[in-house]
Structure formats: C-alpha cells, structure tokens
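Heads up, the thing below is written out as structure tokens.
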Amino acid sequence: MRITLLAFAFLYSLCFVKAQEKATYQLQGTLAGAPKNHQGKLFLQRFGSDLPLDSARLEQGHFRFKGTSEGPEIANLFYMDATGERSETLDFYLHPGKITIRAKFGQLNQAEIAGSTLNTEARSFDKTHQTILDSISTLMAAYFEAENAFSQDSFRMDSPARATINTIDSSLNKWSAALQKAQINYVQQHTDHLLSLFKLQALLKDPSNQQLVSELFDKLTPSLQDSPLGQEVREQLANLKNLKIGDIAPEFLLADTTGRQVKLTDFRGKYVLVDFWASWCVPCRVENEHVAKAYDAFKVNGFEVLGVSTDFALSSWKKAVSDDGMTWTNLVDPDGQVSAAYHIKSIPSNYLLDPTGKIIGINLRGDALYETLKNIF
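Whatever position you read off the sequence shown (first residue = 1), add 2 for my numbering.
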C-alpha cells in the first residue's frame, strides 16, 4: 500500500483544475426522518481539505448550499450534531449547475443524487464494481488498524502488526489491480465521458502508468481532451514526460546523515534505486524491509540505494534510519525540491536506474525489486 498525497488512492482522484471562470452551483436536498429539535448542521467540504467550504442548517428536513466553482471537483457532505458527532460522509462530484440530494437521516452515504450526469455515471461505475470497492474498503480499515498498532510498537521490526500489514497489503494489491483494470475498461468504453478523465487521473497517481494513460488519453474525443480537466491531464502527462522508462533520471544534490553533500551522478556505473520515503510513513517503514533484503543480496554486485526522505524533523529521520537498519546512503529532501522534480505524489515511491542513469523500473515494491535485480545480476 502507498500513502497518497491526494488521499484514498484506491477509490478517488482529486481534480486539479486549471484556473477558469467560476460558475454557480446550487446544492439542495432532503434528509427524511430528521429529529424535530435537532441542533446539528450539514457541512460541505472539498475532498482533501481540512476546512469546510460551507455549512447549512437542516430546516424541516431540507437544506441548501449555493456557491461558485471552477469546475468538477470531489466534495464531501456530512451532518454533525450539537455534540460534534459526525455522520457518514457522502462523497460526490460538485460542479456548476443544480444538484439534488435525497437521503434518510443518518444514511447520507446512501443518498440518491439527481441533476448530475457525472454523479450518475460515477454511481453506476461504483455499483457495477461494488464487490471490488467493498473489499478494498474493508481491507483498508484493517490496514489502518494494523498501521496504528505498528506505530504504537515504535515501528519495531518484530512487531506482530508488521506481518499483519504485509498480509493485508498483498490482498490490497490484488483488489487494487482489479480496480485499475475496471478503470481502464471504463475509459476504453467511454471516450466522451467526463468521468473518464477522473479515472485517468486515478491511474496517473502511479507514474509507471504514464504510457498507458497517454495512450488512453489519445483515444478520447477532441472536445474531452480540450476541456479544462482534459488540459490538466495533458499537463500532468507532460510533466512526467522525462520520467518514463528509458529516460535519464534528473540530477540532484542532497545532504546525507553526516551533512555531506551527495550527487546522484556520484553513483554512475552502478545500478541505483532512488527510494522516496519518510519516517512517519507506515507503508514506507514496512517497505524498508524489502529494500534491505534486496540491498543485502546485491550490493556485492554494485547495487546501491539512495534513500530520499521527505522528513522535516532530522532527528526522526535519523532515528528511523538507525531503527530500520538502513545501511545504504540516506539523504534528506526537507524542501521537497527533489520530490517535486521527480513528481512524487505518494510514498513510498522509487525509480530503478541502470549504470548510465537511465530509468529501467518504477515503483518496484515488495518482492518485485528483488526479482528484478535477480534477473539483472
């Protein structure tokens, strides 16, 4: 599993829409069966934001929101009572125009949405693939519980939670692959639907999908490609253009644990894994075990690892390096400049380079790294 900077990578992608003229949205709806003297409010929130976009009181079971939006974006709607207890969340696409939501009080996540072709399409996709989505949701809940236990065990290598995470991760990878296949099939069959662009953005969170997404994007209708969201996907592809298999990895200069400045090109002539991680990232800490296995097995053949941490707290970074037995070269990227240059959107992420600095592998996780190196050496 990978921690995404856009959150819940398996189910949704967050739309970064180019600046354009804002238009008005009207969101109205009903919650049937609401208590007569309730003191709570409904909150509308952009997906990934910590702050509400707006709030509204429930008046005789009815609510209404009105505002402006630059384009389709994923939003959350939830009810919070006077004690601060939050109800289930409804995830939907907020966009200019009139959207109507109908649900039973306390069952907002099962709402019916009208007046929105985009939301109708999204609901149809989810219903068709409900088994996959439910399986991922259940596994993620178990994963987060195991993550918490592993963190409470101070990321100890012998923590029982570590084995649990590996088991869950294996199952998540299988269901994630099934979801990715479903997303690809949807785009292939719906070349003129806006939802296809959201599916491409979901696929593009993994840089190794760059060529696939580019080919799928080229098959979309011209009007969809030239839409604001289509232009954003095109720009994302352009940003990744020089980070595909066969390209020379961008040079960088960072400090190691002793403060010594290290360049990527210092390792020319060797196979190098550029591994992006952080001490606070539980999946990264689990993945370190696999990296260590590969490093210990192939360092005699000239294999090197450059761990690039996104930590702000240097003490936490150095402690994790020591605790996880990371005996390879470890660098820190506190300003995020190198991560930005490599367009890292989630961690752990990695690039495997050949002795000339050419990218030959992207996001080789788990046993994939070891098996790839075994075939090389």
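Ideal Cβ positions, reconstructed from N, Cα and C, are used throughout, including at glycine.
As the structure is a computational prediction, the values presented were derived from the model and not from experiment.
Note to self: How far does the beta strand (DSSP E) with M245 in it extend, from its first residue to its last?
What the structure shows: Before going further, note that residue 245 is Leu rather than Met in the sequence given. First-last for L245: undefined, no H or E at that position.
Checklist line | Alpha-carbon to alpha-carbon, L218 and P74 | finding: 21 Å
Check: Does the stretch 132-145 come within contact of the stretch 164-174, defined as at least 3 CB pairs closer than 8 Å?
Finding: Yes, the stretch 132-145 is in contact with the stretch 164-174.
Next item on the list: Using the Cα positions of L371 and F269, report the straight-line distance between them to the nearest angstrom.
Entry: 19 Å
Checklist line | Continuous alpha helix (DSSP H) stretch holding D128: start and end | finding: Looking at the DSSP string, the run of the alpha helix (DSSP H) that includes D128 is 119-130.
Checklist line | CA nearest to the CA of V284, picked from S341, G363, E149, D326 | finding: E149
Next item on the list: For L29, write down the residues that DSSP places opposite it in a beta bridge.
Entry: F67, I101
Check: On the three-state DSSP scale, how would you describe G363?
Finding: G363 falls in the strand class under three-state DSSP.
Checklist line | Given F157 as reference, the closest of E289, V334, S51, L29 once Cα atoms are compared | finding: E289
Check: Thinking C-beta only, is D155 closer than 8 Å to A165?
Finding: no
Notebook entry, point to check: W279 bridges to which residues according to DSSP?
Noted result: S311
Next item on the list: Rounded to whole angstroms, what's the CA-CA distance from G63 to L44? Just pull it up for me.
Entry: Rounded to whole angstroms, G63 to L44 spans 11 Å at the Cα level.
Margin query: As a quick exercise: from E61, Q47, H40, S351, pick the residue whose alpha carbon is nearest that of L32.
Written below: Sequence inspection shows Thr at residue 32; the Leu mentioned does not correspond to that position. Checked all of E61, Q47, H40, S351; the closest Cα to T32 is E61.
Next item on the list: Count the other CB atoms, across all protein chains shown, that sit within 10 Å of the CB of R287; report buried if there are 16 or more and exposed otherwise.
Entry: buried
Item checked: Per DSSP, cross-strand counterpart(s) of D93 -> N78
Checklist line | Secondary structure, beta strand (DSSP E): runs of 3+ residues fully inside the stretch 160-187 | finding: none
Next item on the list: Look at P350 and F254 and say whether their C-beta atoms are less than 8 Å apart.
Entry: no
Check: Would you call F146 buried or exposed, if buried means 16 or more other Cβ atoms sit within 10 Å of its Cβ?
Finding: exposed
Note to self: Using a Cβ-Cβ cutoff of less than 6 Å, which residues in the same chain neighbour A296 once the five nearest sequence positions on both sides are dropped?
What the structure shows: L371, Y372, L375
Notebook entry, point to check: Any chance the stretch 298-306 sits against the stretch 245-265, with 3 or more Cβ pairs inside 8 Å?
Noted result: The stretch 298-306 makes no contact with the stretch 245-265: fewer than 3 CB pairs, one atom from each, lie closer than 8 Å.
Next item on the list: Run the CB neighbour count on F127, radius 10 Å, all protein chains shown included, and call it buried at 16 or more, exposed below.
Entry: buried
Next item on the list: Tell me, to the nearest whole angstrom, how far the beta carbon of F67 is from that of D56; I am working on the premise that it is less than 8 Å.
Entry: 5 Å
Notebook entry, point to check: For K106 versus G42, is the C-beta distance shorter than 8 Å?
Noted result: no
Item checked: Cα-Cα separation between L202 and V189, rounded to whole angstroms -> If you take the alpha carbons of L202 and V189, they lie about 8 Å apart.
Note to self: With H, G and I counted as helix, E and B as strand and the rest as coil, what does DSSP make of D258?
What the structure shows: Under the three-state reduction of DSSP output, D258 falls in the strand class.
Notebook entry, point to check: When the distance is taken between beta carbons, is I250 closer than 8 Å to G359?
Noted result: yes
Note to self: Can you find the residues in the same chain that come closer than 6 Å, C-beta to C-beta, to L13, ignoring five residues on each side of it along the sequence?
What the structure shows: In this predicted model, L13 has a pLDDT of only 41, less than 50, meaning its place in the structure is not dependable; the value taken from the coordinates is given anyway. Hits under 6 Å: none found.
Next item on the list: Give the DSSP bridge partners of Q41, in chain order.
Entry: Beta-bridge pairing links Q41 to no other residue.
Next item on the list: Please classify D160: is it buried, with 16 or more other beta-carbons within 10 angstroms of its beta-carbon, or exposed?
Entry: exposed
Note to self: If you follow the beta strand (DSSP E) that D56 is in, where does it begin and where does it stop?
What the structure shows: 56-59
Next item on the list: Please confirm whether I101 and S118 have their CB atoms less than 8 Å apart.
Entry: A contact, by the Cβ cut-off of 8 Å.
Check: If you draw a straight line from the alpha carbon of Y273 to that of V334, how long is it in whole angstroms?
Finding: Whole-angstrom Cα-Cα distance: 20 Å.
Item checked: Straight-line gap, A77 to D93 (C-alpha atoms, nearest Å) -> 6 Å
Margin query: Assuming contact is defined by CB atoms lying nearer than 8 Å, are L355 and I361 in contact in what I supplied?
Written below: yes
Next item on the list: Please state if the CB of W177 and the CB of I134 are separated by a distance shorter than 8 Å.
Entry: yes
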